[in-house]
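Residue numbers (my numbering), protein chains in the order written: chain F, 1 to 366; chain X, 1001 to 1305.
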């Protein structure tokens, strides 16, 4: 009898603990907010098949919009992908939780070169892992450019900042990214200033550079140029590497005779890193860790990379990438080019205001 | 079992009678969906930006005493008036709203007039056609205009293939595209109040004018237009007020030079992360719009009485 009671007790304790375990287990869902056109959906399907966790996938197209959502709090997302310069400031504002590295068994696959560069922004490696990285450079429609100018300096910032050059392409459409933190440093570099300068007097010098070329720029926008470039509606853009490759692919796929080329300016270019991170108030932090761990599997990230045509931060995945991609110096720059790439600084509020005001003056003329 | 009727105190009965409940509904609606959000925005406009979640300081500071100290700052308002950009943006928005309201009125009046004078059995269908675009998302319809207006878009292809022009027209990313987008999007808001008014109009008055020898055109100016004035005013305010703060249409269709307060507000909020200045911009915009809103209210009261 005594034994029976003992067994009952043990049995009930076991059931109870089983129930607690069930209760503690998160709902089988993870909410991911990533940049638009930035994944092969196969990666998500594979994740769901392997773990049973459903992925609710949303997209955004600007760091600023993402930041506003995060700072307001309660965004409801488990994994978000800000760029490193923004992430550094968001960590300071207390938006993110430290990653639990014990849940990230695949972290050894990551590329230490990328991690070292990311560390320049702050303690980012404690809070995030790299998704993809790339450069900000010049994309153009080869046919339309050659038609208008022989031997155009397509490998130089002169292509977009020299009024004598860019004016030749005004009639076929020039777009710039609507991102002051990308364009203003490039303009400073063109006139021989330090692109990373946070000195407001130096930043204001960018206004003069851009005012001269402003009449030839049709639009400042951060995502429309992908379609416009692919359709031949515009011929020249300063934009993000992978987006321009996407336009290149779209044009090739449509067989519309449009040939898009991407080049990293020889003077140097912005290198940026998009990092997977988990907000403090993420409703499913466990699933978020599982998702991030999944993206670090070489086979999985390779699927995404071969689709989006950006470089990734996963060294172990490199043998699995398209050879054409891995050997393309516009995607995986040569060590010499890599040395000339610079990261944009994280501006403080007062400097940011000068930067934005300068930008408004450039874009609207007021 | 005997269930006793629950006794409600008479003073509560007096407050919660049917009439008061019905009357209170619109006030509750305004309280929760207008006044509370407005107070929050007003509160943020007096705060200071900081790097935190949320990115502004608390207006009330709870110290030792039971009463909090208020730390209001007028910096955001002072800042807006220290930089001509904001005033220009307000004026430019008012100008764009005014021009598009006039354009919408001219087109909307013609459509509302034709529908109101169409045979009765057609009116339902014609009105349906006016409302039909609402079944598709506003954003998608604006995107559709990109496909029509762009350099290699439908409009240019059609005009070139018809031999009317040799070189594509540059409409996309200009102010013209913004006007087209606004007039298109807000047309139903103009047509519906105008139609409601024109449809009720006493046709005997027009017949009387004709009998007395007045020409149709003069009848239109001296009889139809004055009688439809309440409809015109309602339509104009319904278009003018939201267009002043419009953001989506100038962002998607307009060029970067198109200066509107909606875009400036966006920049304050997203680029500068300065929620207090963004809120102050919104509060000033509201203050500017209170004047036409009051006129609208007055005209509505008149129409009812």
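Glycine residues also receive a C-beta, built at the ideal position from the N, C-alpha and C atoms.
Is residue 364(F) close to chain X, meaning its C-beta is less than 7 Å from at least one C-beta of that chain? yes
C-beta atoms of residue 142(F) and residue 263(F) nearer than 7 Å: no
Three-state secondary structure assigned by DSSP to residue 294(F): helix
Report yes if the C-beta distance between residue 1198(X) and residue 1116(X) is below 7 Å; otherwise report no. yes
Cβ pair count under 8 Å reaching 3, the segment 1231-1249 of chain X against the segment 36-52 of chain F: no
Buried/exposed call for residue 219(F), threshold 16 Cβ in 10 Å: buried
Boundaries of the beta strand (DSSP E) in which residue 334(F) is found, first to last residue: Premise fails: residue 334(F) is in no beta strand (DSSP E) and is neither H nor E.
Using a beta-carbon distance below 7 Å, is residue 1271(X) in contact with chain F? yes
Do the CB positions of residue 239(F) and residue 177(F) come within less than 7 Å of each other? yes
Environment of residue 269(F) [buried if 16+ CB atoms lie within 10 Å]: buried
Three or more C-beta pairs closer than 8 Å, one from the segment 1211-1219 of chain X and one from the segment 1174-1186 of chain X: is that the case here? no
Close beta carbons around residue 358(F), own chain, < 8 Å, minus the five adjacent residues each side: 180, 184, 203, 204, 206, 207
Between the segment 1038-1060 of chain X and chain F, which residues of the former have a C-beta closer than 7 Å to a C-beta of the latter? 1049, 1051, 1052, 1053, 1054, 1055
Please report the distance separating the alpha-carbon of residue 1282(X) from that of residue 1126(X). 38 Å
Is residue 279(F) buried or exposed, if buried means 16 or more other CB atoms sit within 10 Å of its CB? buried
Any C-beta of chain X within less than 7 Å: which residues of the segment 94-118 of chain F qualify? 94, 95
I'd like the ranges of any beta strand (DSSP E) spanning at least 3 consecutive residues and lying wholly in the segment 106-193 of chain F. 128-141, 174-176
Counting only Cβ-Cβ distances shorter than 7 Å, please list the residues of the segment 184-206 of chain F near chain X, keeping chain order. none
With DSSP as the reference, label residue 275(F) as helix, strand or coil. strand
Would you give the residue range spanned by the beta strand (DSSP E) that residue 46(F) belongs to? No beta strand (DSSP E) holds residue 46(F); the alpha helix (DSSP H) holding it covers 42-51.
Between the segment 137-167 of chain F and chain X, which residues of the former have a C-beta closer than 9 Å to a C-beta of the latter? none
What residues are listed by DSSP as bridge partners for residue 1207(X)? In the DSSP output, where bridge partners are listed per residue, residue 1207(X) has none listed.
Alpha carbon to alpha carbon, how far is residue 127(F) from residue 46(F)? 25 Å
Less than 7 Å between CB atoms is the rule here; does residue 212(F) satisfy it with respect to chain X? no
Roughly how many angstroms separate the alpha carbons of residue 282(F) and residue 66(F), rounded to a whole number? 15 Å
Cα-Cα, which of 56(F), 37(F), 50(F) is closest to residue 30(F)? 56(F)
Determine the direct distance from the alpha carbon of residue 1260(X) to that of residue 1232(X), and round the result to whole angstroms. 25 Å
What are the partner residues of residue 83(F), as DSSP defines its beta bridges? 274(F)
Beta-carbon neighbours of residue 1219(X), restricted to chain F and to distances below 8 Å: By Cβ distance, chain F contributes nothing, its closest Cβ being about 47 Å from residue 1219(X), past 8 Å.
At a Cβ threshold of 7 Å, is residue 71(F) touching chain X? yes
Specify the secondary structure class of residue 283(F) as computed by DSSP and reduced to three states. coil
Three-way DSSP call (helix, strand, coil) for residue 1046(X) in this model: coil
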